[in-house]
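*Asks:* Just dropping this structure here.
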Amino acid sequence: MNTLAVIFQAEFARRLRSRAFIAGTVIGVATVLLFALLPGLAHRSLGYSARRIVLIAPPSLAQPAARLLRANFDVIEILPRLDERPTAASLDAHHHASAVVVLAREQTGLRAVAYVRDPSLFRSTFAHDLAPLQIALATGMPVATIVDHLTVPVEVHDVAGRFADAGEADAAKGAAFIFIFLLYLAILLNAQAILTSVAEEKTSRIAEVLVAAVDPTQLLAAKILAVTATGFLQLGVWIATGFLAGSAFTAAFTAGDVGASAGPLAVSAAEILLFVAFFLVGFAQYSVLYAAAASLISRTEDIGSLAGPLVLPVAAAIVVAQFGITFPNSPSIVTCSFIPLLAPFVMFARIAVTPVPDWQLALSLTINVAVAFGLALLAGRVYRVGLLLYGRPPSLRQIVAMLRA
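Numbering (the numbering used here), first residue to last: 1 to 405.
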């Protein structure tokens, strides 16, 4: 067994047992569960309670208004008159309602007065829901007839043939956001693990023993391969959790809900391969940068000050990727999908929501693979010298000299 394989196995086993890997995996699982379940739980526990209303209206208006309002509100009680001005206490007395709506007919038409806990939630929605009743009072037409003619059937066709309908497009955008966030989390956790590992080995003088017995380039390569393997393992656990949580959410929280729909998101094998390819490229780019930077640290106290600037490209990439989900063919987004450190995030966002020309995919992969190899060569030189460099941090002139050596 060659030296690289031995170092890889030792580093991989060490990382699997490390508290940082276990904690990062648990954090990722918790985050996926939060993304999957919290919106549904919040919608059911908060959304419905925020739209519980008491309707006060004469019989001629109460029933048609209640039918219209039930499109967006839960009408919990209908009363013929209002005895006193509603207060928060009276709302609590009526099954913790969020509003009392008083309807009356005047010469100019329908008049609605709402006493609510949160005014921002109701005004425009009330007006929209009660508009058919207002038109019916003014024209004498049946409310049902007006409602039937208010909705214009619109057929939406994707000219690119990427999605069958709007629901599938929305699902793809949601999946793209989740995968981009997982890529961000995987790179951030594992690249910083490299930073900490290399810094600890150097400051504890273990690096001197390792460099004496092993080629520094092989040591760096084995560390990056081990981190990449554990990163894929983490990502697999998170994705599996997401699928299981998504199934649980569909079964537990959408069953019986009007308008709820859940269907499988079609993901082709090519898209999966491209995601893996860009994940590997992005992981390699960030890993070599973090490892090279860590080799220049002389004290563990300097890890925090060094990690901050290295996080900025990752943060910038995820921000640009968010715009890429909405504007995938914008010239600036297309340009960013070729730029190293940004491309792994931005290009996958584009792949998820729109067909990307093959030449752009090939060019982006070529550029970023070449940059990853270039960074690896430069990082190897810095790593080889930096592991044995103690005392004050090297100056920019010394770093340039290392790269030229």
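The beta carbon of each residue, even a glycine, is placed where N, CA and C say it ideally should be.
Taking just the CA atoms, how far does Asp170 sit from Val54?
*Replies:* When rounded, the distance between both Cα atoms is 34 Å.
*Asks:* Alpha helix (DSSP H) containing Arg350: first to last residue?
*Replies:* Its alpha helix (DSSP H) spans residues 343 to 353.
*Asks:* Could you tell me the alpha carbon to alpha carbon distance between Val356 and Ser337, rounded to whole angstroms?
*Replies:* C-alpha separation (whole angstroms): 11 Å.
*Asks:* DSSP state of Gly140, grouped into three classes?
*Replies:* Of the three classes helix, strand and coil, the one that applies to Gly140 here is coil, per DSSP.
*Asks:* Please list the terminal residues of the continuous beta strand (DSSP E) segment that includes Glu77.
*Replies:* That run of the beta strand (DSSP E) goes 74 to 79.
*Asks:* For Phe21 and Leu312, I'd like the C-alpha separation in whole angstroms.
*Replies:* Roughly 22 Å separates the two Cα atoms.
*Asks:* Taking DSSP as the reference, what is the three-state secondary structure of Arg111?
*Replies:* Arg111: strand per DSSP, three-state reduction.
*Asks:* Where does Trp359 land, buried or exposed, given buried means 16+ other C-beta within 10 angstroms?
*Replies:* Exposed.
*Asks:* CB-CB under 7 Å to Ala65, same chain, minus the five flanking residues each way: which ones, in chain order?
*Replies:* So the qualifying residues of the chain are Leu55, Ala57, Leu103, Leu130, Leu133.
*Asks:* What's the C-alpha gap between Val237 and Leu280?
*Replies:* So the alpha carbons of these two residues sit roughly 17 Å apart.
*Asks:* Excluding the 5 residues flanking Ile7 on each side, which residues of the same chain have their C-beta closer than 7 Å to its C-beta?
*Replies:* Excluding sequence neighbours, Ile7 sits near Val214, Gln218, Leu219, Ala222.
*Asks:* Measure the beta-carbon distance from Lys173 to Ile325 and round it to whole angstroms, keeping in mind my assumption that it falls under 8 Å.
*Replies:* Lys173 to Ile325, Cβ: 5 Å. Contact.
*Asks:* What did DSSP end up calling Leu133 once you bin it into helix, strand or coil?
*Replies:* Helix, per DSSP.
*Asks:* Taking 8 Å as the limit between beta carbons, can you name the residues of its chain near Pro59, skipping five residues before and five after?
*Replies:* Pro80, listed in sequence order.
*Asks:* Excluding five sequence neighbours on each side, which residues of the same chain lie with their C-beta closer than 8 Å to the C-beta of Ala343?
*Replies:* Within the same chain, Ala343 has close Cβ partners Phe278, Val281, Gly282, Cys336, Ser337, Ser364, Ile367, Asn368.
*Asks:* Between Leu183, Tyr115, Ala175, which lies nearest to Phe243 when the distance is taken from Cα to Cα?
*Replies:* Ranking Leu183, Tyr115, Ala175 by Cα distance to Phe243 puts Ala175 first.
*Asks:* Are the CB atoms of Arg105 and Leu137 nearer to each other than 8 Å?
*Replies:* Yes, the pair counts as a contact, with Cβ atoms nearer than the cut-off.
*Asks:* Can you give me the start and stop residues for the alpha helix (DSSP H) that Leu69 sits inside?
*Replies:* Unbroken alpha helix (DSSP H) run through Leu69: 59 to 69.
*Asks:* Under three-state DSSP, which class holds Leu82?
*Replies:* Residue state, collapsed to three classes: coil.
*Asks:* According to DSSP, is Ala379 part of a helix, a strand, or is it coil?
*Replies:* The answer is helix: DSSP assigns Ala379 an H, G or I state.
*Asks:* Within its chain, find whatever has a CB closer than 6 Å to the CB of Phe12; leave out the 5 residues flanking it on each side and keep chain order.
*Replies:* These residues qualify, in order along the chain: Ala226, Ala229.
*Asks:* Output the distance between the C-alpha atoms of Ile432 and Leu182, rounded to the nearest integer angstrom.
*Replies:* Beyond the ends of the chain as shown, which are 1 and 405, falls residue 432; an answer cannot be given.
*Asks:* Between which two residues does the beta strand (DSSP E) harbouring Ile53 extend?
*Replies:* From DSSP, the beta strand (DSSP E) with Ile53 extends over 52 to 56.
*Asks:* Can you tell me whether DSSP reads Ala97 as helix, strand or coil?
*Replies:* DSSP places Ala97 in coil when its eight states are reduced to three.
*Asks:* Based on Cα-Cα distance, which residue from Ala62, Thr3, Ile180 lies nearest to Arg111?
*Replies:* Checking every option, the nearest Cα to that of Arg111 belongs to Ala62.
*Asks:* How should Arg51 be labelled, buried or exposed, when 16 other C-beta atoms within 10 angstroms of its C-beta is the threshold for buried?
*Replies:* With 16 or more Cβ atoms within 10 Å of its Cβ, Arg51 is classed as buried.
*Asks:* Smallest Cα separation from Gln322: which of Ile146, Asp148, Ile178, Arg14?
*Replies:* Closest option to Gln322, Cα to Cα, is Ile178.
*Asks:* In whole angstroms, what is the alpha-carbon distance linking Thr196 and Phe345?
*Replies:* So the two alpha carbons sit approximately 24 Å from each other.
*Asks:* Take Leu235 and list the residues in its own chain whose beta-carbon comes closer than 7 Å to its own, dropping the five residues that flank it on each side.
*Replies:* Result list for Leu235: Leu182, Ala186, in chain order.
*Asks:* Would you list the one or two residues that DSSP bridges to Ala104?
*Replies:* Note: Ala104 sits in a beta bridge opposite Arg111.
*Asks:* Counting only the same chain and skipping the five closest in sequence on each side, list residues whose C-beta sits under 6 Å from that of Val100.
*Replies:* The residues are Val54, Pro86, Tyr115.
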